[in-house]
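Written below as structure tokens is the structure these notes are about.
Protein chains: 2
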Amino acid sequence: MTGMTAPHTSFSPADNPRLGLRERKKIKTREAIRTAMYALVAEQGYDATTIEQIAERAEVSPSTVYRYFPTKEDIVLTDEYDPLIMAELRARPADEPWPVSLRHVMHRAIRMGMKEDPVVSRLRTRLMVEVPAVRSRMMESMSSTGRMLRQAIGERTGLDPDSLEVRVYAMSIVGGLLETSMYWAEQEHEPDYDALIDRALNVIEHGLPPENH
Amino acid sequence: MTGMTAPHTSFSPADNPRLGLRERKKIKTREAIRTAMYALVAEQGYDATTIEQIAERAEVSPSTVYRYFPTKEDIVLTDEYDPLIMAELRARPADEPWPVSLRHVMHRAIRMGMKEDPVVSRLRTRLMVEVPAVRSRMMESMSSTGRMLRQAIGERTGLDPDSLEVRVYAMSIVGGLLETSMYWAEQEHEPDYDALIDRALNVIEHGLPPENH
DNA sequence: CTGGATTTTGAGAGCTACTCTCATTTCATG
DNA sequence: CATGAAATGAGAGTAGCTCTCAAAATCCAG
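For the protein sequence lines, the chains are E and Z, in the order given.
One point on numbering: in my numbering, the residue at position 200 of the first sequence is 200, and numbering is uninterrupted.
Positions in the second sequence are counted from 1; adding 213 to them yields my numbering.
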């Protein structure tokens with residue numbers, strides 16, 4: 001009743017006063033839905049959590065949930081790393097060898113995602129391994145990541161981004177990295193993610209290591 | 214009423230007299246459902262086709278459709294190339310270099326799938342490009358293909374099939390080949406599929422070709 | 001060939017993700 | 001504060017998918 005906003009423990013774009021009230025509310029709603037879903041999934045598991053429950057906890061109507069997220073899986077997943085990766089790639093020196101750039105950028109992306117919210121990022125990879133629908137949705141988003149990547153490769157190498165070669169190359173990278181994150185989740189997130197990424201990129205660049213026997 | 218079987222234009226496992234009546238009927242039902250779905254999709258498109266319609270045309274109940282296929286997408290997709298690929302891989306000479314074996318086997322698999330029913334195989338790849346749910350399901354089946362592949366790689370190279378390296382390698386191959394089939398479908402199936410596979414495997418083996426400028 | 005065990009099928013109820021429409025409320029602005 | 005625009009809520013409806021139970025088809029002994 002006072003018009004004062006409740007205290008927050010962390011900052012978010014919702015607190016940016018330059019945005020109109022409408023925009024700030026939208027961001028808050030989005031966050032509320034995500035938070036509600038994460039909590040419910042932690043309590044009951046993914047499948048047992050219904051949109052209705054999420055709506056109730058987030059204090060919105062089910063309709064609103066669907067307005068903000070096209071599918072249930074998207075509530076857990078969408079966080080848009082792609083534009084971030086793209087920007088970082090463009091920021092690398094133009095004469096840097098392509099694989100080196102890729103390595104740098106992947107490491108930065110990982111670090112950002114982890115620093116931001118390690119709990120969420122682990123929950124997400126765990127759901128990827130455990131819930132088929134989520135994994136499926138994740139793989140679906142692979143194709144758009146692939147498109148972005150081949151765009152970047154095109155800019156950098158001068159090759160046609162729509163050629164079969166570039167497309168295959170981009171998709172094999174995306175596939176390899178996705179497998180890496182699943183591996184990480186399956187190992188209970190215990191290994192160093194950065195190191196795994198490095199090993200994965202090694203394989204993609206140079207093929208399998210020689211067998212030792 | 215005569216006990217005579219109706220004439221067939223093509224042979225199928227359903228005609229194998231060594232199987233009991235029960236088994237033969239099951240195979241026929243499976244085929245009937247698939248055929249019904251393919252026809253309806255050709256007529257109306259994927260989304261407009263409901264399970265009820267499929268059941269009606271296949272002359273079974275909706276319950277039965279679900280008994281034979283876990284999801285709608287599976288009616289279009291499942292055809293189990295994996296065991297076939299695995300068998301072919303094992304049949305290659307043990308001292309043949311791994312990439313050579315892979316190339317042979319992929320070509321054989323393609324040829325078999327095409328010869329068997331080129332219409333269906335094109336419809337399938339087209340749906341993969343056009344219907345997100347189908348593409349998604351296809352990618353999901355990638356992971357099991359990946360598992361099979363890394364098993365084979367393990368047998369051949371002596372590397373641990375569960376190591377990150379082998380897993381990443383297998384998944385990058387699968388990702389690259391999936392992209393190839395999408396490329397093929399997007400080009401209206403006009404290019405020679407075999408040639409595309411070769412170019413894709415080249416990229417996976419040797420990386421991108423040098424830019425020509 | 002027949003009777004009983006087993007498997008397959010059909011009917012139907014039920015759940016939930018997701019879509020669409022329309023009235024109501026909430027914010028922006030002159 | 002009034003007017004227009006945007007966000008929300010309520011509710012009905014579709015379709016994929018699951019489960020249960022009784023009826024029908026198949027198998028197999030005797």
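Built from N, CA and C at the ideal position, the CB exists for glycine as well.
Predicted model, so just to flag it, every value in this text is computed and none were measured.
For residue i and residue j, I'd like the C-alpha separation in whole angstroms.
| i | j | result |
| --- | --- | --- |
| Z:Pro283 | E:Gly20 | 48 Å |
| E:Leu127 | Z:Leu390 | 26 Å |
| Z:Glu378 | E:Ala200 | 6 Å |
| E:Asp95 | Z:Glu256 | 53 Å |
| Z:Met250 | Z:Lys328 | 21 Å |
| E:Ala39 | E:Arg135 | 20 Å |
| E:Ala32 | Z:Ala346 | 28 Å |
| Z:Ile323 | Z:Ile298 | 10 Å |
| E:Pro210 | Z:Tyr294 | 29 Å |
| Z:Arg237 | Z:Arg305 | 34 Å |
| E:Thr175 | E:Ser144 | The sequence given here has Gly at residue 175 of chain E, not Thr. Distance between the alpha carbons of E:Gly175 and E:Ser144: 12 Å. |
| E:Gly113 | Z:Met352 | 25 Å |
| Z:Ile417 | E:His206 | 10 Å |
| Z:Arg280 | Z:Thr338 | 25 Å |
| Z:Ile296 | Z:Arg321 | Correcting the residue identity first, residue 296 of chain Z is Pro in this sequence and not Ile. So the two alpha carbons sit approximately 13 Å from each other. |
| Z:Glu286 | Z:Asp292 | 12 Å |
| E:Pro97 | E:Ile173 | 16 Å |
| Z:Asp330 | E:Arg90 | 45 Å |
| E:Gly158 | Z:Lys239 | 55 Å |
| Z:Pro404 | Z:Met355 | 23 Å |
| E:Arg30 | Z:Ala408 | 47 Å |
| E:Thr35 | E:Arg22 | 20 Å |
By Cβ distance, which residues of its chain are closer than 6 Å to residue i, with the 5 residues on each side in sequence left out?
| i | result |
| --- | --- |
| E:His223 | Outside the shown range of chain E, which is 1 to 213, sits residue 223 of chain E, and nothing can be said about it. |
| Z:His426 | A caution first: Z:His426 carries a pLDDT of 43, below 50, which makes its placement in the model unreliable, though a value can still be read off. Around Z:His426: no qualifying Cβ. |
| E:Tyr193 | Ile110, Trp184 |
| E:Asp47 | none |
Of the residues the options, which one's Cα is nearest the Cα of residue i?
| i | options | result |
| --- | --- | --- |
| Z:Leu290 | Z:Ser276, Z:Met299, Z:Lys241, Z:Arg350 | Z:Arg350 |
| Z:Val381 | E:Gln187, E:Asn202, E:Arg108, E:Pro210 | E:Asn202 |
| E:Trp184 | E:Ile197, E:Arg156, E:Ser172, E:Ile173 | E:Ile197 |
| Z:Leu421 | E:Arg24, E:Pro99, E:Lys25, E:Lys72 | E:Pro99 |
| Z:Thr262 | Z:Val344, Z:Ala408, Z:Met395, Z:Asp407 | Z:Val344 |
| E:Glu88 | E:Thr180, E:Glu186, E:Arg156, E:Glu205 | E:Arg156 |
| Z:Val254 | Z:Arg235, Z:Arg303, Z:Asp292, Z:Val333 | Z:Val333 |
| Z:Glu392 | E:Pro118, E:Asp162, E:Pro191 | E:Asp162 |
What residues in its chain sit with their C-beta under 7 Å from that of residue i, if we drop five residues either side in the sequence?
| i | result |
| --- | --- |
| Z:Ala383 | Gly359, Leu362, Arg363, Ile366 |
| E:Asp160 | Gly154, Val166 |
| Z:Pro275 | Ile264, Glu265, Ala268 |
Going by beta carbon distance, what residues of the same chain come within less than 8 Å of residue i, once the five residues before and after it are set aside?
| i | result |
| --- | --- |
| E:Val65 | Ile33, Ile51, Ile54, Ala55, Ala58, Ile75 |
| Z:Gly258 | none |
| E:Val129 | Arg135, Met182, Ala185, Glu186 |
| Z:Val273 | Thr242, Ala245, Ile246 |
query = Are there three or more Cβ pairs, one per stretch, closer than 8 Å when the segment 97 to 104 of chain E is compared with the segment 311 to 319 of chain Z?
reply = no
key: Interface positions of the segment 258 to 280 of chain Z facing chain E (Cβ-Cβ less than 9 Å), listed along the chain   = Flagged: no residues at all.
task = Compile a chain-ordered list of the residues in the segment 119 to 141 of chain E whose CB is closer than 8 Å to at least one CB of chain Z.
result = Pro132, Arg135, Ser136, Arg137, Met139, Glu140
ask   = Taking a cut of 8 Å between CB atoms, which residues from the segment 185 to 200 of chain E lie near chain Z?
value = Leu196, Arg199, Ala200
request  = Mind checking the segment 158 to 169 of chain E against chain Z and listing, in chain order, the residues whose C-beta falls within less than 8 Å of any C-beta there?
outcome  = Gly158, Leu159, Leu164, Glu165, Val166, Arg167, Val168, Tyr169
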